[in-house]
Amino acid sequence: MNATTAVDAAALQEAAKRNLWLHFTRHSGFSGADIPMIVRGEGQYVFDQHGKRYLDGLAGLFVSQIGHGRTDVAEAGARQAGELAYFPLWSYAHPRAVELAERLASYSPGDLNRVFFTTSGSEAVESAWKLAKQYFRLTGQPTRYKVLSRYIAYHGTSHGALAVTGLPDIKIPFEPLPPGGVRVPNTNFYRAPEFVAGDATAFGVWAADEIERAILREGPESVAAVYLEPVQNSGGCFPPPPGYFDRVREICDKYGVLMVSDEVICAFGRLGYIFGCERYGYTPDIITFAKGVTSGYSPLGGMMVSDRLMEPYLKDQNTFLHGVTFAGHPVSCAVALANLDVFEKEDLLGNVRTNEGAFRATLEKLYDLPIVGDVRGDGYFYGIEMVKDKATRETFSDEESERLLRGFLSHALFDAGLICRADDRGDPVIQLSPPLTCTQEHFDEIEQILREVLTEAWTHI
Ligand SMILES: Cc1ncc(COP(=O)(O)O)c(C=O)c1O
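Written out as structure tokens, the structure is:
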């Protein structure tokens, strides 16, 4: 690094510490340390201000499906900004939003033909709740407003989305939240209750039936929707047990509750399909999406909605009384179209489907380490649960987990050149979600770094 760059780097650090507020970050942790500064990306890698390379094992934040540094996608955004940088979707349309809506409808299951754009995942989750509430008012069921979601599931941070979220710690400072959020069990088979432990099908039936019991407890006439990710992220990748989603679909139909597939992470190839629900063979009433729709080259979110839900909004003076200035931004829509072109030209879904078995097998090599309790996930989306005792599945105390995750692992993995997430919003896990362009060489690099760092972590326990 030359002298000028060193000065720039120091000035940037200083300004970051003085003026920038990071999200979900303990700023006190940086009093004696640099804030990691990522300046550039190329393919599956990003580089910091000192030129050090990191394998992006989290695709930024479950976002960068096609990888970094794609000038073709960036140029599509630039061209659009020159042609029409901005126009709202409030009573006008613009061509890129129409083309993207049509394209997404062509990929979506069932009759989810209508796209309502947002700028983020939280807005998509929140919009789906509002759409459901107003839909039920328009169709003569005005008492339906409650939303069910699963323990430890993350669905976003705005007040409405936070009420759907199932993580108590990030909700408490913001109480009271909008009423109506109700929790049901998640599909963490590794931690299944004893009476269904070891039988994935029975566990799935029990977890789905808990949704029915919650609906009955709350009163079906008060329940609007149930939010489920195809694979729950928070807690460390819980795929659905066999039959789970079929049973949930039946329950939703029986009680007239809308099924929302929150695919903010799981859509756009993460599980080898454009939409995660396709992988598990269910058709929801609403799909919420964001992140991978543009691979992060510009922000965009939205929801795909069935024709049935749109129908009452097409009549008389009825209007969905909701909107966001930048939703469906022309630049973001142009970028999303270019992103999806890359998916098709480079067969990224095929790449995930071909290589996901190898990804799993490579991660499963880590089972020889005493700290690795469970390796779980699907597609290019995995969680590795760390335990204190493999035989009993004993987890770490809060204090041990704090020391392990924040005291050691987060820094050590980054220092070793791997971007991933060490998280203890449930039991302690490492989360992986690499770009969809990754192949065996990247899986091996991930495994080697994890092996080295987790071996050392064990000596700190
Ligand atoms: C399943 C799910 N829903 C909603 C959100 C919120 O998305 P955003 O951060 O874009 O608001 C996230 C974010 O990670 C998510 O994983």
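Heads up, the sequence shown is in the working numbering, so the first residue is 53 and it goes up one at a time. The C-beta atom is built at its ideal place from N, Cα and C for all residues, glycine as well. Only a predicted model underlies this, so the values are computations on that prediction, with no experimental measurement involved.
Short Cβ contact (8 angstroms threshold) for residue i with residue j
i	j	result
Gln117	Gly321	yes
Leu110	Tyr97	no
Ser313	Cys329	yes
Tyr349	Gly134	no
Leu484	Leu418	no
Val387	Val125	yes
Ala149	Phe169	yes
Pro293	Ala252	yes
Pro382	His146	yes
Ile303	Glu264	yes
Gly103	Gly121	no
Pro291	Arg428	yes
Pro272	Gly308	yes
Span separating the alpha-carbon of residue i from that of residue j
i	j	result
Glu451	Phe114	28 angstroms
Arg299	Val257	7 angstroms
Phe297	Ile498	31 angstroms
Val424	Leu415	10 angstroms
Phe139	Val248	54 angstroms
Gly324	Tyr432	8 angstroms
Val505	Leu421	11 angstroms
Val376	Glu178	12 angstroms
Met53	Met89	Any reading at Met53 must be qualified, since the residue scores a pLDDT of 45, below 50, and its modelled position is unreliable; the value itself is stated next. Roughly 15 angstroms between the two C-alpha positions.
Phe226	Ser210	10 angstroms
Val316	Asp337	15 angstroms
Gly233	Val199	5 angstroms
Thr511	Lys440	12 angstroms
Ala319	Leu389	15 angstroms
Thr340	Ala58	43 angstroms
Arg360	Tyr334	17 angstroms
His75	Lys367	42 angstroms
Trp73	Ala67	11 angstroms
Tyr434	Thr507	19 angstroms
His79	Glu454	16 angstroms
Gly287	Asp476	7 angstroms
Tyr144	Ala244	50 angstroms
Lys223	Lys397	42 angstroms
Gln41	Pro230	The displayed coordinates of the chain run from 53 to 513. Any statement about residue 41 would go beyond what the structure contains.
Rounded distance between the beta-carbons of residue j and residue i, thought under 8 angstroms
i	j	result
Gly218	Ser201	5 angstroms
Asn238	Ile267	With a Cβ gap of about 17 angstroms, Asn238 and Ile267 do not count as contacting.
Tyr187	Pro364	6 angstroms
Tyr242	Glu437	6 angstroms
Asn403	Thr489	7 angstroms
Ala509	Phe466	At roughly 14 angstroms, the Cβ-Cβ gap does not stay under 8 angstroms, so Ala509 and Phe466 are not in contact.
Glu351	Ser174	Here residue 351 is Pro; the residue named in the question, Glu, does not match the sequence. Not really, about 12 angstroms apart at Cβ, beyond 8 angstroms.
Ser462	Ala474	5 angstroms
Val91	Phe99	6 angstroms
Phe327	Phe411	About 20 angstroms separates the two Cβ atoms, so there is no contact after all.
Arg105	Gly469	7 angstroms
Ala157	Asn165	4 angstroms
From the options, residue whose alpha carbon lies closest to that of residue i
i	options	result
Gly380	Gln500, Arg155, Val167, Ala266	Val167
Pro194	Ala276, Ala244, Gly95	Ala276
Ser345	Phe395, Cys304, Glu302	Checking the displayed sequence, the identity of residue 345 turns out to be Val instead of Ser. Minimum Cα distance to Val345 is reached at Phe395.
Gly39	Glu363, Ala342, Phe99, Pro336	There is simply no residue 39 to check, as the chain begins at 53 and stops at 513 in what is shown.
Ala215	Leu156, Arg189, Tyr279	Tyr279
Val481	Thr511, Phe448, Ala468	Phe448
Gly478	Gly308, Gln284, Lys104, Gly119	Gln284
Cys385	Ala153, Gly119, Gln101	Ala153
Leu373	Lys182, Pro245, Gly119	Lys182
Ala137	Phe378, Pro228, Leu64, Ala244	Phe378
Cβ-heavy atom distance, residue i to ligand 1, below 7 angstroms
i	result
Val387	no
Ile317	yes
Asp314	yes
Ser485	no
Ser201	no
Asn285	yes
Ser172	yes
His34	Residue 34 falls outside the range modelled here, since the chain spans only 53 to 513, and no answer is possible.
Glu281	yes
Phe114	yes
Gly8	Nothing about residue 8 can be read from this structure; the chain reaches only from 53 to 513.
Val177	yes
Gly162	no
Gly353	yes
Ala342	yes
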